[in-house]
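All remarks here apply to the structure that follows.
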Amino acid sequence: MKAMLLALWFSGIHVLADAAAAVSKQQNQLRFSKEGQFKILQVADMHFGDGKSTPCLDVLPNQMPGCSDLNTSAFIHRMIQAEKPHLIVFTGDNIFGFDATDAVTSLNAAFAPALSSNIPWAAVLGNHDQESTLSREGVMKHIVGMKHSLSQLNPPGVNIIDGFGNYNLEVSGVEGSSLHNKSVLNLYFLDSGDYSTVPSILGYGWIKPSQQFWFQRTSKKLRKAYMSNPEGQKSAAPGLAYFHIPLPEYASFDSSNFTGVKQEGISSASVNSGFFTTMVEAGDVKAAFTGHDHVNDFCGELLGIHLCYAGGFGYHAYGKAGWARRARVVLATLEEREKGGWGEVKSIKTWKRLDDKHLTVIDAQVLWSKTSAGKLLLKYLLGHTLELVFLACYSGEQSALEHLRSVFHIILSSFVSSNCLILMHHPVVSCGNPMVF
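Numbered continuously in UniProt numbering, the sequence shown closes out at residue 437.
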């Protein structure tokens, strides 16, 4: 094992140049590579303990001898070498507090592969990170201060917000392109809590109203900046959200409408905080990524947002013997313009890799593409909000128009010259009155 880790350490030198391309000279600024791509590696539920002395859980008998937290570290190194991500995101339960004798020591060891790779990384907390020798705030403060960490304790200038580790990161366009000063991809990170603090409500925590208010304000601010001159765009930049505990809406899927597997129940909070609706109304988030339920790894689409698990990564986390540990990768690709250069995000894709001999790639899928946005709008409007559209057209009901504008602004702005004109002049919908967005 030591020989393997040393080999991975030295080979990691070759990753440094690729990582540097994703971070501009301005400290902590992420941007797309000169190839018009930005790749994120998601690591969920490491459950790191005390390192070599912490045994693996739920592996085959022939894997048990010598299996420990070091297998988790080796897997991270292998993923970095295989994918060369521009950003690594750790989505909680980074350490398993009860088996971590000293929180600082365990955190340093857990994130060591990211630190040695020189790749920028970000993290949120799970429900087990604070169970060692540091409080929840203390754990996040330590993460914020670590080398190459882009994590934040909480948003600057926000005095009242629940939890620790609520922040956003902006990914700028390619250096030298017309959008090099614009955030073309927005990343949201939220603390989904640990356990309920309300005596009458049992179970896990949830994303609170103060966090949702911050998210809404941030989304609006980013939309305004992206659509303002110079180089003002017609619609908001796409966004991705990362947090630990899945939303209740993850239970909306079955094997017929997701990609991946569901092998355990959805361990969300026992109350629905409404954050999914908040994301739908904001309009920019195309996918949300969580961990928590280790043997679920599916992605399913609901109202235009993909809800995705990463699948269990850590070897000291519960799993399923014979079911390989895994990681999720997300790749955003920019639109190549006819006259050269790079434009807006064209597509967002994802796949998973297994920790087997070949780091097998599975379940590749498209989460979002610019060309499919208009089709999604028409399908949703005609299938689910026909009455609202009819009301807006027929009576000029301002509240209905405002609702449509807020929920579908991104798509409507992009397609107002084509698909939306067809919709506006549909004999059943338009009632002879044009809809203005």
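Backbone N, C-alpha and C define an ideal beta-carbon position, used for all residues, glycine too.
Computed from a predicted structure; not experimentally measured.
- When only Cα atoms are considered, Q263 and S252 end up about 15 Å apart.
- The segment 140-151 makes no contact with the segment 212-232: fewer than 3 CB pairs, one atom from each, lie closer than 8 Å.
- At a Cβ-Cβ threshold of 7 Å, G126 and H244 count as neighbours.
- Shortest Cα-Cα distance from P248 to any of C67, S270, R326 involves S270.
- Within the same chain, and ignoring the five residues on either side of W368 in sequence, the residues whose Cβ sits closer than 8 Å to its Cβ are P238, K286, A287, H306, S347, I348.
- A residue is called buried when at least 16 other Cβ atoms come within 10 angstroms of its Cβ; F98 does not meet this threshold and is exposed.
- Beyond the five residues adjoining it in sequence on each side, R337 comes within less than 7 Å, by CB distance, of G343 in the same chain, given in chain order.
- Take N71, set aside five residues on each side of it, and the residues of its chain with a beta-carbon closer than 7 Å to its own are C56, Y315, in chain order.
- Residue environment for S183: buried (at least 16 other C-beta atoms within 10 angstroms of its C-beta).
- Secondary structure note for W351: its beta strand (DSSP E) is the uninterrupted segment 342-354.
- Classified as exposed, S372 has fewer than 16 neighbouring CB atoms from the shown chains inside 10 Å of its CB.
- Of the other Cβ atoms in all chains shown, fewer than 16 fall within 10 Å of the Cβ of P199; this residue is therefore exposed.
- One alpha carbon belongs to D50, the other to S132, and they sit about 11 Å apart.
- A direct Cα-to-Cα measurement between A282 and K220 gives close to 8 Å.
- Annotated as distal: S172 and R353, with beta-carbon spacing of 7 Å or more.
- Annotation: the continuous alpha helix (DSSP H) that includes T105 extends over 103-110.
- When rounded, the separation of the alpha-carbon atoms in V329 and R78 is 13 Å.
- By the neighbour-count definition (other C-beta atoms within 10 Å, threshold 16), I160 is an exposed residue.
- Here the alpha carbons of Q29 and G157 stand approximately 19 Å from one another.
- Short of 8 Å from the beta carbon of Y195, and not among the five residues preceding or following it, lie these beta carbons of its own chain, in chain order: N127, G203, Y204, G205.
- Under the rule that a run must span 3 or more residues, the beta strand (DSSP E) segments found entirely inside the segment 134-209 read 167-172, 183-189.
- The closest CA to that of S192, considering only S273, P65, E175, W121, is found on S273.
- Going by DSSP, R337 is part of no beta strand (DSSP E) at all; its letter is neither H nor E.
- Look at the segment 217-269 and you find these whole runs of beta strand (DSSP E), each 3 residues long or longer: 239-242.
- Cβ neighbours of N168 within its own chain (closer than 8 Å, five residues either side excluded): P155, N186, L187, Y188, F189, T218, L222.
- Rounded to whole angstroms, the Cβ separation of F313 and A327 is 6 Å, and the two are in contact under 8 Å.
- DSSP, reduced to helix, strand and coil, places I95 within a strand of the structure shown.
- Counted as a single uninterrupted DSSP element, the stretch harbouring T290 is not any alpha helix (DSSP H) but the beta strand (DSSP E) occupying residues 285-290.
- Linking F48 to A100 through their CA atoms gives a straight-line distance of about 7 Å.
- About 6 Å separates the CB atoms of F289 and Q42; that is less than 8 Å, so the two are in contact.
- Straight through space, the alpha carbons of A112 and H86 are spaced by roughly 17 Å.
- With a cutoff of 7 Å on beta-carbon distance, T91 and Y250 are scored as not near each other.
- In the structure shown, the three-state DSSP call for R78 is helix.
- The C-beta distance from D58 to Y318 rounds to 6 Å, short enough to fall under 8 Å.
- For D254, the number of other beta carbons within 10 angstroms of its own is below 16, and it is reported as exposed.
- Leaving aside the five residues that flank S210 on each side, the residues in its chain whose CB is nearer than 8 Å to its CB run, in chain order, I160, I161, D162.
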